[in-house]
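Visitor:
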């Protein structure tokens, strides 16, 4: 691909992200027979009830790996466009094939340096295998939390 | 080896000449091209295995009391034994440093496993370094060969670990059974999505170059620190890093809960434990020497109203996990060669995820404690682990085989995932409940 085409592609991608659009997620990979996400910075998903868009801005380690991982998230309420504060978010790591989580079992993020971002971790992915990052977001008012699941294959 | 000389070896760089047999025997020859790996290994219990003063004390006493011969050194100092530098380990003080421990050449020259315990393996002694990389990078230093026994992705690779980590004593008692425990777990089943080899957990990998050689590709570089439970008690390389890795390893082994249920005359405290990540039972290995126990303290203000396990694992009614071992006459055995009977009291590794399978219940252990009224304000609990029990160490000190100052350094670990606090004021049944 020429430099000019690369530049134009980058421009279009940047514009799409700046306008709040989401890029097509990279294809899933297999992990012990189950589907896992391919990690890229900016990986975005909509919560299971459709209320929120959750974007994984960054991961340290990248891609997520065995050991301590710290994630930076942004969560937007789709109806209002409001960015959700860290205290509305809870993150639970989980190994679905093993039926257990990590220690501690749940994490509440803190505000990140980037505007409207939330940082959560370190989360210990202590075994090789499929790890889910279950992001629970509680809307304002007396409404139930909605879940968004990122799944990563940890080689370890 | 002193820190300065170790540093000089690490700085020596990678050789472009074939290593001689003598050089291959010396781990520091490997450090030129594999500095990260040798540095990790240098702090491991594999490097410490024949230097460990507790091992030396037990071996010295075992030679006197049970004429153990090469029983211990065939795993603890296999290269020294093969090279004729020792026959029974009683002269390990005089054995050169490069033959101490389980060295690079020992593991990487293994070409076959012939049994399930007591060092049942063969070392080719042919200068070919075997590893888990399917297409090894060619080097003039040594020949390289792929070996499924060294490939952490194969379940077969567990055999190489199991051959030394399972011990059947000279009198035929299956004393250390970590490999056997893994074989009975979900992790060893080829059809299980949870399958993972010993190396899969104990040798975590990350992207890196296996050798510091120009052109060497980036691979998954396996850690050679082998953290588990035991650690160096005397000055040794990487001692702080090793201790930190052990704490991290132990931090996630168990899943625990602490719940408090009020009743008419007081409250019932329920502690539930599940072995979620050991891959074998917990504790494992020298389970007859290890002590893991629950410490529980209930308070009102500054006053302790109930406690269990605060005086250590030997106190009556303590919830204790270990192998209870006895002699022929039924009395407790402290030295392994005296053991005639083993009664396990440990947390098994998961063998099933089916809650209706009787084996499922065995992996979830609950103990309840009744506390009379008034209800405590705070209840704290934790699982503690002593790698080698005080009574075993005390016995070795009493027989003159172990320095009491070294015995005093044996750590007690608190398993991070089991450190729990329940507060009545939170209004919840269980600690950590949201």
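Chains as they are written, first to last, in the numbering used here: chain H, 101 to 256; chain C, 2 to 435.
The beta carbon of each residue, even a glycine, is placed where N, CA and C say it ideally should be.
Note that this is a predicted model, so its numbers are computed, not measured.
Less than 7 Å between CB atoms is the rule here; does residue 122 (chain H) satisfy it with respect to chain C?
Guide: Legend: pLDDT at residue 122 (chain H) = 47, less than 50; position of this residue unreliable, no value from coordinates given.
Visitor: If you measure between the beta carbons of residue 299 (chain C) and residue 380 (chain C), is that distance less than 7 Å?
Guide: In this structure, residue 380 (chain C) lies closer than 7 Å to residue 299 (chain C) by Cβ.
Visitor: If we count the other Cβ atoms within 10 Å of its Cβ and call it buried at 16 or more, is residue 85 (chain C) buried or exposed?
Guide: Exposed, because fewer than 16 other Cβ atoms sit within 10 Å of the Cβ of residue 85 (chain C).
Visitor: What does residue 256 (chain C) pair with, by DSSP beta-bridge criteria?
Guide: The partner list for residue 256 (chain C) (beta bridge, DSSP) reads C:275.
Visitor: Using CA coordinates, which residue listed in C:182, C:348, C:51 and C:151 is at the minimum distance from residue 283 (chain C)?
Guide: Nearest of C:182, C:348, C:51 and C:151 to residue 283 (chain C), Cα basis: C:348.
Visitor: Kindly list, in the order they appear in chain C, the residues whose Cβ is closer than 8 Å to that of residue 224 (chain H).
Guide: Ordered by position in chain C, the residues that pass the 8 Å Cβ test against residue 224 (chain H) are 249, 252 and 253.
Visitor: Compute every distance between the C-beta of residue 23 (chain C) and the non-hydrogen atoms of the ligand NAP, then say whether any falls below 6 Å.
Guide: The model depicted lacks the ligand NAP and carries no ligand whatsoever.
Visitor: Mapping DSSP to helix, strand and coil, what is residue 121 (chain H)?
Guide: The pLDDT assigned to residue 121 (chain H) is 42, lower than 50, so where the model puts this residue is not dependable; a value taken from the coordinates is nonetheless given after this. Residue 121 (chain H) falls in the coil class under three-state DSSP.
Visitor: Return helix, strand or coil for residue 147 (chain C), following the three-state DSSP convention.
Guide: Three-state result, residue 147 (chain C): strand.
Visitor: Distance cutoff 7 Å, beta carbons only. Does residue 256 (chain C) sit that close to anything in chain B?
Guide: Of the chains in the structure shown, none is chain B; the protein chains are H and C.
Visitor: I'd like the list of long-range same chain contacts for residue 44 (chain C), defined as Cβ closer than 7 Å, with 5 residues on each side in sequence excluded.
Guide: Excluding positions up to five away in sequence, the list reads 226, 237, 238, 239, 240, 242 and 243.
Visitor: Go ahead and pull the three-state DSSP assignment for residue 46 (chain C).
Guide: Correct three-state label for residue 46 (chain C): helix.
Visitor: Can you check whether the CB of residue 197 (chain C) is closer than 7 Å to the CB of residue 228 (chain H)?
Guide: Yes.
Visitor: Pull the bridge partners of residue 207 (chain C) from the DSSP assignment, please.
Guide: Looking at the DSSP assignment, residue 207 (chain C) forms a beta bridge with C:222.
Visitor: Determine, using beta carbons only, whether residue 256 (chain H) comes closer than 7 Å to chain C.
Guide: True, the Cβ-Cβ gap to chain C drops below 7 Å.
Visitor: How long is the line joining the alpha carbons of residue 122 (chain H) and residue 427 (chain C), rounded to whole angstroms?
Guide: Caution applies to residue 122 (chain H), whose pLDDT of 47 falls short of 50 and renders its modelled position unreliable; the value that the coordinates give is listed next. The straight-line gap from Cα to Cα measures roughly 41 Å.
Visitor: Counting contacts by CB-CB distance shorter than 7 Å, is residue 354 (chain C) in contact with chain H?
Guide: Yes, residue 354 (chain C) lies at the interface with chain H (some Cβ there is under 7 Å from its Cβ).
Visitor: Just the Cα atoms here: how many angstroms apart are residue 216 (chain H) and residue 151 (chain H)?
Guide: Distance between the alpha carbons of residue 216 (chain H) and residue 151 (chain H) is about 17 Å.
Visitor: Quick one: give me the first and last residue of the alpha helix (DSSP H) that residue 81 (chain C) is part of.
Guide: Residues 79-83.
Visitor: I need the boundaries of the beta strand (DSSP E) containing residue 294 (chain C), first residue and last residue.
Guide: Per DSSP, residue 294 (chain C) belongs to the beta strand (DSSP E) from 292-301.
Visitor: State the CB to CB distance for the pair residue 418 (chain C) and residue 203 (chain H), rounded to an integer number of angstroms; the pair is presumed to be in contact (CB under 8 Å).
Guide: Contact flag correct, Cβ pair sits at about 4 Å.
Visitor: Roughly how many angstroms separate the alpha carbons of residue 181 (chain C) and residue 115 (chain C), rounded to a whole number?
Guide: Between residue 181 (chain C) and residue 115 (chain C), the C-alpha separation is close to 15 Å.
Visitor: Closer than 6 Å by C-beta to residue 369 (chain C): which residues in its own chain qualify, once you throw out the five before and the five after it? Chain order, please.
Guide: For residue 369 (chain C), where only same-chain residues beyond five positions count, the Cβ hits under 6 Å are 269 and 271.
Visitor: Grab the span of the beta strand (DSSP E) containing residue 325 (chain C) for me, first residue to last.
Guide: Start and end: 321-327.
Visitor: Taking 8 Å as the threshold, find out whether the region 350-362 of chain C comes into contact with the region 325-340 of chain C through three or more Cβ pairs.
Guide: The answer is no - the region 325-340 of chain C does not touch the region 350-362 of chain C, with fewer than three Cβ pairs under 8 Å.
Visitor: With residue 169 (chain H) as the anchor, note down where its beta strand (DSSP E) starts and where it stops.
Guide: Here the beta strand (DSSP E) through residue 169 (chain H) covers 167-177.
Visitor: Is the CB-CB distance between residue 136 (chain H) and residue 158 (chain H) below 7 Å?
Guide: Contact flag unset, no.
Visitor: What distance in whole Å lies between the Cβ atoms of residue 165 (chain C) and residue 233 (chain C), which are believed to be in contact at a cut-off of 8 Å?
Guide: Actually they do not touch by this definition, with Cβ atoms about 19 Å apart.
Visitor: Can you tell which of H:219, H:197, H:128 and H:179 has its C-alpha closest to the C-alpha of residue 240 (chain H)?
Guide: Nearest of H:219, H:197, H:128 and H:179 to residue 240 (chain H), Cα basis: H:179.
Visitor: At 7 Å on the CB atoms, spell out the chain C contacts of residue 203 (chain H), in chain order.
Guide: Ordered by position in chain C, the residues that pass the 7 Å Cβ test against residue 203 (chain H) are 252, 253, 417 and 418.
Visitor: Give every residue of the same chain whose Cβ lies closer than 6 Å to the Cβ of residue 410 (chain C), excluding the five residues on either side of it in the sequence, and list them in chain order.
Guide: 234.
Visitor: Locate the beta strand (DSSP E) running through residue 233 (chain H), then write down its first and last residues.
Guide: Per DSSP, residue 233 (chain H) belongs to the beta strand (DSSP E) from 229-237.
Visitor: If you count every other CB in all the chains shown that lies within 10 Å of the CB of residue 22 (chain C), and 16 or more means buried, which is it?
Guide: Exposed.
Visitor: Is the CB of residue 1 (chain C) under 7 Å away from at least one CB in chain H?
Guide: Residue 1 (chain C) is absent from the model: chain C starts at 2 and stops at 435.
Visitor: Just how far apart, CA to CA, sit residue 396 (chain C) and residue 366 (chain C)?
Guide: Straight-line Cα distance between these residues: approximately 32 Å.
Visitor: Name, going along the chain, the residues of the region 217-242 of chain H whose beta-carbon falls closer than 9 Å to a beta-carbon of chain C.
Guide: Hits within the stretch, in order: 224, 226, 227, 228, 229 and 230.
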